[in-house]
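Numbering (the UniProt record's numbering), first residue to last: 1 to 79.
Just so you know, even glycine gets a beta-carbon here, dropped at the ideal spot from N, CA and C.
Right, one structure below, let's go through it.
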């Protein structure tokens, strides 16, 4: 799942601290340039969004996924 981050962007450590109680195996990738957060987790998007809101991070779920290298949207076509 991917989220657009608001101006108050969290660090990866902050996101991990918020998400790992929901899913200790969750993987997180942040595209700083685009302000996109990708969370690969068994938790639902609404659970992740709520956890992030609890740390003061406003996010908007993305409907059109953005490729973040190595993330779940990777098609393997990059050379």
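How is residue 1 classed by DSSP in three states: helix, strand or coil? One-based indexing of the chain shown puts residue 1 at position 1. Looking at residue 1 - three-state DSSP - the assignment turns out to be coil, as it is neither helix nor strand.
Indicate the three-state DSSP secondary structure (helix, strand or coil) for residue 62 in the structure shown. For this step, residue 62 is matched to residue 62 along the chain shown. Coil.
Proximity below 8 Å, CB of residue 18 to CB of residue 51: Numbered from its first residue, the chain shown carries residue 18 at position 18. Numbered from its first residue, the chain shown carries residue 51 at position 51. Yes.
DSSP has residue 30 in a bridge; who is on the other side? The sequence position of residue 30 within the chain shown is 30, counting from 1. Note: residue 30 sits in a beta bridge opposite 37.
With burial defined as no fewer than 16 other Cβ atoms inside 10 Å of the residue's Cβ, what is the status of residue 30: buried or exposed? Here residue 30 refers to the residue found at position 30 of the chain shown. The residue in question, residue 30, is buried, as its Cβ has 16 or more Cβ neighbours within 10 Å.
Can you name the start and end residues of the alpha helix (DSSP H) that residue 6 belongs to? By 1-based counting over the chain shown, the position of residue 6 is 6. Neither: residue 6 is in no alpha helix (DSSP H) and is coded neither H nor E.
Sequence-distant residues of the same chain with beta carbon closer than 6 Å to residue 41, five excluded per side: If you number the chain shown from 1, residue 41 lands on position 41. If we look at residue 41 and ignore the five residues flanking it on each side, its Cβ neighbours are 23, 26.
8 Å contact criterion, which residue 48 and residue 1 should meet: CB distance rounded: The count along the chain shown starts at 1 and reaches residue 48 at position 48. The count along the chain shown starts at 1 and reaches residue 1 at position 1. Correct: roughly 7 Å between the Cβ atoms.
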